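**Student:** Here it is: the structure, laid out below.
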Amino acid sequence: MTASNEGAPRTTETQPLPIHLRPARPADVPALVGLLLRLKRLNEEFDPLLKVRDDAEKQARTVLEANLGDPKAVVLAAEGVGSEKEKVVGFVRALLRERPFYSPEWEGVIVDIYLLPLYRRRGVGEYVLRETTAALKAKGAGVVTAEFPAQNEIASRFYAKRGFRPITAVHARSL
Amino acid sequence: MAGSSAAAPDRGRPARRRDAQESAAARKSEAETDALGRRAVELSRFYSGKVETVPKVPVRSLGDFALWYTPGVAEVSRSIHADPALSFELTGRWNTIAIVTDGSRVLGLGDIGAEAALPVMEGKALLFKWLGGVDAVPLPISVRSPDAFIETVERLAPSFGGINLEDIASPKCFGILEELSKRLPIPVWHDDQLGTAASTIAGVLNALELTGRSVKSVRTVLLGAGAANLVTARLLLTLGHDPHRLTLVDQRGVLHAEREDVDELMLRNPWKYRLALRTNGGGRTGGLAEAVAGADLLLAASTPDPNTIRPEHLRAMAPEPIVFALANPVPEIWPEVATGAGAAIVATGRSDFPNQVNNSLIFPAVFRGVLDARARSIPDEIVLEAARELARHARDKGLSAHHLLPTMEESEVFPHVAAAVADASVRLGIARRPLSHDEYFERARTLMVRSGRLVRALARARLTPPMPRPAARAPRRKRT
């Protein structure tokens, strides 16, 4: 199968975006839980130390509800456009983290980005990153970082293309 | 053959009787398979292998080896060194292919390893010679990773005019075929993907013709998303099938863009992932029952269990449904049961029912064609051309619900398919030796006929001993 058979051809940003980002609301939580679990299960594919816990669903709800009321967190919901206006098709979650020894002092960490497959490409990632970065900057972040499994080459390439470089590395071994 | 009237008596018939029929057929098939297995072991022991190297030049005395071997052969080597393309002229490379497997998915036996795959590859080599006049070398290799597989075959390629990949597990077979097709200057084929898909497409084209449908407007369900059906789906889309009207179903149900495992597919099986994103318009979810509602065509290449497709599935389809139940050795639904439930056309993978979808109708002729044209590769256009040519010959002989495809006995189609394949490679500009249609056809026919003559001559000369009688099995003999 050649590249021409791809379902979602890579096109320019001049096409209308298939999603719209807005701050997440408490009513979004059930949908966000499902999307967050999809992301964690995707991460699980990259490393056995990222195995998803049995109670992950409950945890996801707790974490998301806490984040929604937290001024140091950014949670944006991606909804469809047109007839899919009410459908939450993706989300981004980012946290403001203090850096006691380094400058800039506040780091905006993108911990989760997930979009359902049909809403990827077509400049969507670019748009999500731009909006998230703006929200973090508005909260005082002087640097934006992204956390993802080291083996996730798709994410590595995505961020590298947009000027990100690795600054710290987390190495693990199980005990 | 109206669906509703044919289905009516079946609805009233007690399920018990139908089940009894089904299990009788299953028992018969199992007993036959057992008997064939015992006989195959017996004969394998007697002949100790199915193919051997036979000289193709005269040897009058040892003196001739000064020509066939050193010193004379050195000049032949020098010529090839100066122009490597001459290896197709001055050696047997033009007609020699490797049948390469890692033994990771042999028949229905699973991952049985290279040694255990050897008898199957020998059988395939025999088929290649007998049907296609192709010299095929059985070559199971002991590798685990796709990269090692690709590298090994790449290193072997200078000895061969083509590569036939065989019995490699899905989805790694897709990446291996894609990569080798890109890297090698000779045709690479994976029969479990392309051979099965091409013969399926040939049957589909004629089934659509018979029932007055167009590939551009039918609704199709593919049951099973392994090597064969993923390629069948791709070829249907190439033929203009509307992706929205195509639905794939596997063990986890309808394949769709929001299925729970879709990200895993993105990483592990991008071929299936792309189809998940592209197909199933209208967002059907659930299982086979949900998928088949209103479908014209059900193409199953899934599990050998006659209860996989139920009569109620067929009754939920559009009028005059077409069913291909291609699992081997037992189809997903017995043809009788399918017809009883209203199927207008039923095809299986078996020779003891009408409409056998058999990759042996495709692969010998495809290789004959690409070898004679010295094609550089086998793009989908060639695969489709082989399917169209096969379909055309069934039509020429008279199409019916029981004659959808040529049978293996209609061997006159093979050189026609070979010539069509060779012509297509000329049209596509990938033939290193463009000839006329008639030249390709004559060449193919001569080489195909020669194999039969060779086998018969060896038998007449007692160089291949006649088959020994089957070992007596006491309980069976008493009955007669």
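One line per chain: the protein sequences are G and X, in this order.
Under our numbering, the residues of the first sequence are numbered 1 to 175, in order.
Under our numbering, the residues of the second sequence are numbered 1 to 480, in order.
C-beta atoms are modelled at their ideal positions from N, C-alpha and C, and glycine is treated no differently.
Source: prediction; values computed, not measured.
1. Keeping to the same chain, check which residues put their C-beta closer than 6 Å to that of F441(X); ignore five residues upstream and five downstream.
2. Under the DSSP definition of a beta bridge, which residues are partnered with D114(G)?
3. Of all the options T303(X), R93(X), W334(X) and V57(X), which has the alpha carbon lying nearest to the alpha carbon of L109(X)?
4. Would you mind stating whether A78(G) and V89(G) have Cβ atoms separated by less than 8 Å?
5. Using a Cβ cut-off of 8 Å, which residues of the region 403 to 418 of chain X contact any Cβ in chain G, in chain order?
6. Quick check on DSSP: helix, strand or coil for F505(X)?
7. Of the choices V153(X), L43(X) and R38(X), whose alpha-carbon is the least far from that of T486(X)?
8. Is there at least one Cβ from chain X nearer than 8 Å to A160(G)'s Cβ?
9. Using 8 Å as the limit for Cβ to Cβ distance, is R97(G) near chain X?
10. Go ahead and pull the three-state DSSP assignment for Q193(X).
11. Have a look at A66(G) and V128(G) and give me their C-alpha separation to the nearest angstrom.
12. Which partner residues does T247(X) have in the DSSP bridge list?
13. Roughly how many angstroms lie between the CA atoms of I186(X) and T232(X), to the nearest whole one?
14. Give the secondary structure of R479(X) by DSSP, where H, G and I count as helix, E and B as strand, and everything else as coil.
15. What would DSSP say about I382(X), mapped onto helix, strand or coil?
16. Counting only runs of 4+ residues fully inside the region 333 to 388 of chain X, write out the alpha helix (DSSP H) ranges in chain order.
17. Quick one: list the residues of chain X neighbouring E45(G), beta-carbon separation under 7 Å, in chain order.
18. Nearest chain G C-beta to L139(X) closer than 8 Å, yes or no?
19. Determine the direct distance from the alpha carbon of L326(X) to that of A347(X), and round the result to whole angstroms.
20. Determine, using beta carbons only, whether A257(X) comes closer than 8 Å to chain G.
21. Just the C-alpha distance for H241(X) and R456(X), rounded to the nearest angstrom, thanks.
22. Are the Cβ atoms of R93(X) and G161(X) separated by less than 8 Å?
23. Just the chain X side, please: which residues come within less than 9 Å of L116(G) by C-beta, in chain order?
24. Please compile the residues from chain X whose C-beta is within a distance smaller than 7 Å of the C-beta of R38(G).
25. What is the DSSP secondary structure of R162(G), reduced to helix, strand or coil?
26. Does the region 132 to 148 of chain G come within contact of the region 103 to 119 of chain G, defined as at least 3 CB pairs closer than 8 Å?
27. Starting from the Cα of R234(X), find the closest Cα among Y69(X), S425(X), T279(X) and F353(X) and give me that residue.
28. Tell me, please, whether the region 198 to 207 of chain X touches the region 352 to 365 of chain X by the rule of three or more beta-carbon pairs shorter than 8 Å.
29. Per the DSSP calculation, P55(X) is bridged to which residue(s)?
30. Going by other Cβ atoms of all chains shown within 10 Å of its Cβ, with 16 needed for buried, is F101(G) buried or exposed?
31. What are the partner residues of V231(X), as DSSP defines its beta bridges?
32. Can you list, in chain order, the residues of the region 270 to 282 of chain X whose Cβ is nearer than 7 Å to any Cβ on chain G?
33. Should F353(X) and P329(X) be called a contact, given that it needs their Cβ atoms to be closer than 8 Å?
34. With a threshold of 8 Å between beta-carbons, can R157(G) be considered close to chain X, or not?
35. Three or more C-beta pairs under 8 Å: does that hold for the region 214 to 225 of chain X against the region 395 to 405 of chain X?
36. Run through the region 66 to 142 of chain X for me and flag every whole beta strand (DSSP E) of 3 or more residues, listed as ranges in chain order.
**Tutor:** According to the structure data:
1. On the second sequence, position 441 is the one that residue 441(X) refers to. Closer than 6 Å at the Cβ level, and outside the excluded window around F441(X), lie P415 and A419.
2. In the first sequence, the residue the question calls residue 114(G) occupies position 114. It is worth fixing the name first, because residue 114(G) is Tyr in this sequence and not Asp. Answer is F91(G), bridged to Y114(G).
3. Here residue 109(X) is taken as the residue at index 109 of the second sequence, counted from 1. Nearest option by C-alpha distance: T303(X).
4. Taking the first residue of the first sequence as position 1, residue 78(G) is located at position 78. Taking the first residue of the first sequence as position 1, residue 89(G) is located at position 89. Going by C-beta atoms, A78(G) is nearer than 8 Å to V89(G).
5. none
6. What the structure shows of chain X is the stretch from 1 to 480, and residue 505(X) is not part of that stretch, so it cannot be assessed.
7. As shown, chain X starts at 1 and ends at 480. That puts residue 486(X) outside it, with no answer to give.
8. Locating residue 160(G) in the first sequence gives position 160, where the first residue counts as 1. A160(G) does not count as touching chain X.
9. Position 97 of the first sequence, counted from the first residue, corresponds to residue 97(G). For R97(G), the answer is no, since every Cβ of chain X falls outside 8 Å of its Cβ.
10. Residue numbering aside, residue 193(X) sits at position 193 when the second sequence is read from its first letter. In the structure shown, Q193(X) sits in a helix (DSSP, three-state: H, G or I).
11. Counting from 1 along the first sequence, the entry for residue 66(G) is found at position 66. Counting from 1 along the first sequence, the entry for residue 128(G) is found at position 128. Distance between the alpha carbons of A66(G) and V128(G): 22 Å.
12. Taking the second sequence and counting its residues from 1, the one referred to as residue 247(X) is at position 247. Note: T247(X) sits in a beta bridge opposite V221(X).
13. As a first step, residue 186(X) must be located in the second sequence, where it is residue number 186. As a first step, residue 232(X) must be located in the second sequence, where it is residue number 232. About 23 Å.
14. For the purposes of this step, residue 479(X) is taken as residue 479 along the second sequence, with counting starting at 1. For R479(X), the pLDDT reaches just 48, beneath the cut-off of 50, and the residue's location in the model is therefore unreliable, leaving the point undetermined.
15. For the purposes of this step, residue 382(X) is identified with residue 382 of the second sequence, where counting begins at 1. Looking at I382(X) - three-state DSSP - the assignment turns out to be helix.
16. 335 to 340 and 363 to 373
17. In the first sequence, residue 45(G) corresponds to position 45, counting from 1. In chain order: E264 and L267.
18. One-based indexing of the second sequence puts residue 139(X) at position 139. For L139(X), the answer is no, since every Cβ of chain G falls outside 8 Å of its Cβ.
19. Position 347 of the second sequence, counted from the first residue, corresponds to residue 347(X). Position 326 of the second sequence, counted from the first residue, corresponds to residue 326(X). Distance between the alpha carbons of A347(X) and L326(X) is about 7 Å.
20. Reading the second sequence from its first residue, position 257 is the one you call residue 257(X). With 8 Å as the cut-off, A257(X) counts as an interface residue toward chain G.
21. Within the second sequence, numbered from 1, the residue matching residue 241(X) stands at position 241. Within the second sequence, numbered from 1, the residue matching residue 456(X) stands at position 456. C-alpha separation (whole angstroms): 46 Å.
22. For the purposes of this step, residue 93(X) is taken as residue 93 along the second sequence, with counting starting at 1. For the purposes of this step, residue 161(X) is taken as residue 161 along the second sequence, with counting starting at 1. It is a contact, given that the beta carbons lie within the stated cut-off.
23. By one-based count along the first sequence, residue 116(G) stands at place 116. Those within 9 Å of L116(G) in chain X are A257, E258 and V262.
24. In the first sequence, residue 38(G) corresponds to position 38, counting from 1. Chain X residues near R38(G): D263.
25. Here residue 162(G) refers to the residue found at position 162 of the first sequence. The answer is coil: DSSP assigns R162(G) none of H, G, I, E or B.
26. yes
27. As a position in the second sequence, residue 234(X) is number 234, starting the count at 1. Closest by alpha carbon: T279(X).
28. yes
29. If you number the second sequence from 1, residue 55(X) lands on position 55. DSSP lists no partner for P55(X).
30. For the purposes of this step, residue 101(G) is taken as residue 101 along the first sequence, with counting starting at 1. By the 10 Å Cβ count, F101(G) comes out exposed.
31. Stepping through the second sequence from its first residue, residue 231(X) is reached at position 231. None; V231(X) has no bridge partner.
32. W271, R274, L277 and R278
33. For the purposes of this step, residue 353(X) is taken as residue 353 along the second sequence, with counting starting at 1. For the purposes of this step, residue 329(X) is taken as residue 329 along the second sequence, with counting starting at 1. Contact flag unset, no.
34. Stepping through the first sequence from its first residue, residue 157(G) is reached at position 157. For R157(G), the answer is no, since every Cβ of chain X falls outside 8 Å of its Cβ.
35. no
36. 96 to 101 and 135 to 140
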